[in-house]
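Residues 3 to 237 in the working numbering are what the sequence shown spells out, letter by letter. For reference, the structure discussed in these notes is given below.
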Amino acid sequence: MRLFLLIRILFISLALVGSASAGVFECALPKPAGKRLQAQGNLSALVLFAQFAGQGAGASAPSWSSDLFNPSVPGSFTHFYNEMSGGLMRVQGRVLPKRYSALGAAEDYVASGGGIGRYGQFNLEILRQADADSDLGEFDNDGPDGIPNSGDDDGYVDIVFINLHTVPRGFFIASATGLASLGLDADYISNDVAAGGGYVRVRGRFNGLAARPSAATLSALHPRRCVTSLVTCSG
Ligand SMILES: [Ca+2]
Ligand SMILES: [Ca+2]
Numbered sequence: 003m004r005l006f007l008l009i010r011i012l013f014i015s016l017a018l019v020g021s022a023s024a025g026v027f028e029c030a031l032p033k034p035a036g037k038r039l040q041a042q043g044n045l046s047a048l049v050l051f052a053q054f055a056g057q058g059a060g061a062s063a064p065s066w067s068s069d070l071f072n073p074s075v076p077g078s079f080t081h082f083y084n085e086m087s088g089g090l091m092r093v094q095g096r097v098l099p100k101r102y103s104a105l106g107a108a109e110d111y112v113a114s115g116g117g118i119g120r121y122g123q124f125n126l127e128i129l130r131q132a133d134a135d136s137d138l139g140e141f142d143n144d145g146p147d148g149i150p151n152s153g154d155d156d157g158y159v160d161i162v163f164i165n166l167h168t169v170p171r172g173f174f175i176a177s178a179t180g181l182a183s184l185g186l187d188a189d190y191i192s193n194d195v196a197a198g199g200g201y202v203r204v205r206g207r208f209n210g211l212a213a214r215p216s217a218a219t220l221s222a223l224h225p226r227r228c229v230t231s232l233v234t235c236s237g
């Protein structure tokens with residue numbers, strides 16, 4: 003059930019990316035612009051589980067998350083995209099095994115008085131730890147050859163999901179529990195060499211779905227230009 007819920011939430015979040023709609027998921031930029039979306043190809047997703055310092059959710063990602071990219075499990079992320087695209091869209095990825103902790107407690111990241119919370123700082127702290135543990139080049143697989151970080155990829159991690167254990171009011175914006183942006187001040191530059199030059203990056207902010215997404219079309223689900231910070235169920 004938890005796997006289903008997470009997939010469901012990921013689906014909803016991607017469908018809403020770029021809509022700038024008020025409510026649970028909100029885009030960082032009101033008028034995203036970028037390349038045309040595509041409905042086929044390869045993508046690789048980095049999935050992280052995170053919590054505030056001292057939250058006590060444990061040091062490991064929830065066990066159910068191991069099936070997120072299992073193509074043989076109906077409802078998994080990979081299975082979902084495969085079914086929806088008739089095998090044309092191959093979404094792979096990996097859940098890092100740790101549940102990362104931010105440096106501060108929840109109150110350190112919450113805006114008082116209805117402002118914007120410090121979720122960008124939270125995400126930066128989580129990304130730094132994940133970078134130290136992994137080769138982020140593994141998650142840059144948007145080029146045509148289907149091989150991550152092979153030189154035909156764009157040098158950016160395709161998708162990032164940061165799943166919080168809980169989200170207090172004021173962490174994102176007011177009562178929002180997810181946001182289609184990591185909220186970083188600049189691109190995050192990893193310690194992993196990009197085949198095309200420089201180092202593999204994570205986009206700091208959502209920057210470009212070409213059109214308002216529609217859940218009715220596969221292209222609407224294409225998160226190629228989106229880095230998403232997203233709350234899901236705890237576990
Ligand atoms: Ca790294
Ligand atoms: Ca490639």
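Glycine included, each C-beta is placed from N, C-alpha and C at the ideal position.
Mind checking which residues open and close the alpha helix (DSSP H) that includes residue i?
| i | result |
| --- | --- |
| residue 111 | Segment: none, residue 111 is in no alpha helix (DSSP H) and carries neither H nor E. |
| residue 125 | 121-135 |
| residue 87 | 79-87 |
Under 9 angstroms, do residue i and residue j count as touching if we go by C-beta distance?
| i | j | result |
| --- | --- | --- |
| residue 51 | residue 67 | yes |
| residue 186 | residue 122 | yes |
| residue 49 | residue 96 | yes |
| residue 161 | residue 46 | yes |
| residue 200 | residue 145 | no |
| residue 91 | residue 58 | no |
| residue 190 | residue 133 | yes |
| residue 105 | residue 127 | yes |
| residue 180 | residue 195 | no |
| residue 101 | residue 60 | yes |
Quick check: does the Cβ of residue i come within less than 8 angstroms of any heavy atom belonging to ligand 2?
| i | result |
| --- | --- |
| residue 1 | Limits of the chain in this structure are 3 at one end and 237 at the other, which puts residue 1 out of reach. |
| residue 145 | yes |
| residue 103 | no |
| residue 114 | no |
| residue 152 | yes |
| residue 160 | no |
| residue 110 | no |
| residue 69 | no |
| residue 189 | no |
Hey, how far is the Cα of residue i from the Cα of residue j?
| i | j | result |
| --- | --- | --- |
| residue 265 | residue 109 | Because the chain here runs from 3 to 237, residue 265 falls outside it and cannot be looked at. |
| residue 117 | residue 171 | 10 angstroms |
| residue 103 | residue 164 | 12 angstroms |
| residue 193 | residue 151 | 14 angstroms |
| residue 184 | residue 63 | 20 angstroms |
| residue 80 | residue 94 | 6 angstroms |
| residue 198 | residue 153 | 5 angstroms |
| residue 107 | residue 75 | 36 angstroms |
| residue 119 | residue 182 | 14 angstroms |
| residue 130 | residue 143 | 21 angstroms |
| residue 188 | residue 87 | 33 angstroms |
| residue 125 | residue 72 | 26 angstroms |
| residue 83 | residue 69 | 14 angstroms |
| residue 65 | residue 89 | 27 angstroms |
Is the beta carbon of residue i within less than 8 angstroms of some heavy atom of ligand 1?
| i | result |
| --- | --- |
| residue 192 | yes |
| residue 142 | no |
| residue 134 | yes |
Hey, is residue i close to ligand 3, as in C-beta under 8 angstroms from one of its heavy atoms?
| i | result |
| --- | --- |
| residue 137 | Ligands displayed in this structure: ligand 1 and ligand 2; ligand 3 is not among them. |
Starting from residue i, follow the beta strand (DSSP E) in both directions and report where the run begins and ends.
| i | result |
| --- | --- |
| residue 95 | 91-103 |
| residue 52 | 43-53 |
| residue 201 | 201-204 |
| residue 192 | 190-195 |
| residue 166 | 161-166 |
Between residue i and chain C, is there a C-beta pair that is closer than 9 angstroms?
| i | result |
| --- | --- |
| residue 59 | Structure shown: chain C not included; a single protein chain is present. |
Touch check for the segment 160-176 and the segment 106-121: three-plus C-beta pairs under 8 angstroms? The segment 160-176 makes contact with the segment 106-121, as at least three CB pairs between them are under 8 angstroms.
At a cut of 8 angstroms, does the segment 189-208 reach the segment 129-139 through at least three beta carbon pairs? Under the three-pair Cβ rule at 8 angstroms, the segment 189-208 counts as touching the segment 129-139.
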